[in-house]
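There are 2 protein chains.
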Amino acid sequence: MSTTRTSARERLLDAAGELFYRDGIRAVGIDAVIARAGVAKMSLYKHFRSKDELVVAYLERREQRWREHFETQARGMTGTPAERVLAVFDVLARWTERENPRGCAFINAYAELADADHPGVAIARADKQWLRDHLAELVAGSDPDGLLGSQLFLLLEGALVTTAMDSVEDAMAAARSAAERLLDTARVA
Amino acid sequence: MSTTRTSARERLLDAAGELFYRDGIRAVGIDAVIARAGVAKMSLYKHFRSKDELVVAYLERREQRWREHFETQARGMTGTPAERVLAVFDVLARWTERENPRGCAFINAYAELADADHPGVAIARADKQWLRDHLAELVAGSDPDGLLGSQLFLLLEGALVTTAMDSVEDAMAAARSAAERLLDTARVA
DNA sequence: CAGATAGTAGACAGACCTGTCTACCTACTG
DNA sequence: CAGTAGGTAGACAGGTCTGTCTACTATCTG
């Protein structure tokens, strides 16, 4: 196939994934990415038309991996709605431990790409919508106005940023136990 | 005093406050700040040794204004602990409406200034600590392990980012009603 | 072997960004 | 009136960043 173990494209995405997430999208230059990937600059511009396109690919890839993680971990969860909601907290806790030492990549990207027209912003927003909708569906039976679903979502988001900023010891656990209470008082089975 | 209505320093801080918040710290150059302030470049470097120092001043000033807002609005709140906690949600809701269309400046700065050693990061972290501690104190009587205080804090943080990303209709109201439930089940007066 | 495919190395243009420097100006103060 | 404090305008150096271009190489395929 190719001269190298993994293709240049793949190595570029790996490098971008690490650097953009760890140091920030704007702070990381093209040169840093290609150096880390061990790839020539022309190879980057053969696969991606611009840095922005690489940024978009980075975010898309990260979303894909997060959803895969989610599907893998949550597949077969067939308990009560309440159990399945709490499982979301557990799944996200594991993801955060493993991949989110610096907080949610989408929230960070949203903060960095202040330009509302940047396609990366749309990806970030879509990911949040997806999570929110997922929670809403799980509790839909006991949540006519959708309020509870939103509140559970708020707890997750709060835990994500709080974990990043280290304001609270074990933010995800605290969020989870708050979710338990909300589910309980809302009489979600 | 001076030849201009407001001093160059003041106008620089105003301009930096608007631009850094709206467009992002890294995306805004010195030239944009001085143009907006209507000030010569040398005036900037007479008042601030570097851009980083201006960034720090921007964050310090924003924190100061937020605390003033908070003190003004929360002073005289002498109700039950629960009422005073809910008042925090109201105060933050008004602040967010007025000054936070693009989310919390400290969370955004934290995301942008990925370098943990940047002094701006310490300011952002301190602000969060302060809010968390404030909530913890309010409910201390009914919250031996501090869990409830953390959970209330998580709801506020979640509402802040969710408002920014527009994932939920009225995030702060949803957070507030979740807080009510938590306070209720924890039997906080 | 010939050609296609994927990649490399490095120079380079052009923009932009921070920070410095000089020379000049204006208003207040003693 | 002289001095001082605060400010202006703009050129400039040095660095960095994105994106382009050229010339070369290695591997696989027909």
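Chains as they are written, first to last, in my numbering: chain R, 1 to 189; chain U, 1001 to 1189. All C-beta atoms, glycine included, are put in the ideal place defined by N, C-alpha and C.
- Between the alpha carbons of residue 1081 of chain U and residue 1091 of chain U lies a gap of roughly 15 Å.
- Burial is judged here by how many other beta carbons sit within 10 angstroms of a residue's own beta carbon; residue 1072 of chain U has fewer than 16 and is exposed.
- Non-local C-beta neighbours of residue 129 of chain R in its own chain, meaning closer than 7 Å and more than five positions away in sequence, are absent.
- At a cut-off of 8 Å between beta carbons, residue 1046 of chain U makes no contact with chain R.
- Identification of chain R residues near residue 1022 of chain U by a Cβ-Cβ cut-off of 9 Å yields 114, ordered along the chain.
- Any Cβ of chain U closer than 8 Å to the Cβ of residue 89 of chain R would place that residue at the interface, and such an atom is absent.
- For residue 1101 of chain U, there is no enclosing alpha helix (DSSP H), as DSSP gives it neither H nor E.
- In this structure, residue 1179 of chain U and residue 1070 of chain U do not form a Cβ contact; the two beta carbons are roughly 17 Å apart against a cut-off of 8 Å.
- If you draw a straight line from the Cα of residue 1079 of chain U to the Cα of residue 1023 of chain U, it comes to about 40 Å.
- Within its own chain, the residues whose Cβ lies closer than 7 Å to the Cβ of residue 183 of chain R, once the five positions on either side in sequence are excluded, are 82 and 85, listed in chain order.
- As the crow flies, the alpha-carbon of residue 132 of chain R is around 7 Å from that of residue 149 of chain R.
- Rounded to the nearest angstrom, the gap between the Cα atoms of residue 1137 of chain U and residue 1066 of chain U is 19 Å.
- Residue 107 of chain R has a beta carbon lying within less than 8 Å of a beta carbon in chain U.
- Just measuring C-alpha positions, the residue of R:15, R:45, R:64 and R:26 sitting nearest residue 33 of chain R is R:15.
- Proximity of residue 58 of chain R to chain U, defined by a Cβ-Cβ separation below 8 Å, is not satisfied.
- Three or more beta-carbon pairs drawn from the segment 1151 to 1164 of chain U and the segment 163 to 177 of chain R are found closer than 8 Å, and the two stretches are therefore classed as touching.
- At least one C-beta of chain U is nearer than 8 Å to the C-beta of residue 154 of chain R.
- Taking C-beta separations shorter than 7 Å and ignoring five residues to either side along the sequence, residue 75 of chain R has no partners in its chain.
- Counted as a single uninterrupted DSSP element, the alpha helix (DSSP H) harbouring residue 119 of chain R occupies residues 119 to 139.
- Flagged as an interface residue toward chain U: residue 147 of chain R, by a C-beta distance shorter than 8 Å.
- By alpha-carbon distance to residue 1161 of chain U, the top candidate from U:1056, U:1007, U:1105 and U:1127 is U:1105.
- Ranked by Cα distance from residue 18 of chain R, the first of U:1141, U:1114 and U:1011 is U:1114.
- For residue 77 of chain R, there is no enclosing alpha helix (DSSP H), as DSSP marks it with neither H nor E.
- Around the beta carbon of residue 6 of chain R, fewer than 16 other beta carbons lie within 10 angstroms, which makes this residue exposed.
- Using a 10 angstroms sphere on the CB of residue 1042 of chain U, the tally of other CB atoms stays under 16, which defines it as exposed.
- The beta carbon of residue 96 of chain R sits no closer than 8 Å to any beta carbon of chain U.
- For residue 150 of chain R, the enclosing alpha helix (DSSP H) covers residues 147 to 165.
- Below the 7 Å Cβ cutoff, chain U contributes 1178 and 1181 as neighbours of residue 182 of chain R, in chain order.
- Think of a sphere of 8 Å around the beta carbon of residue 1158 of chain U: the chain R residues whose beta carbon falls inside it are 153, 154, 155, 156, 157, 158, 159 and 161, in chain order.
- Under the Cβ criterion of 8 Å, residue 51 of chain R is not counted among the residues facing chain U.
- The alpha carbon of residue 1163 of chain U has as its nearest neighbour, out of U:1122, U:1107, U:1124 and U:1146, the alpha carbon of U:1107.
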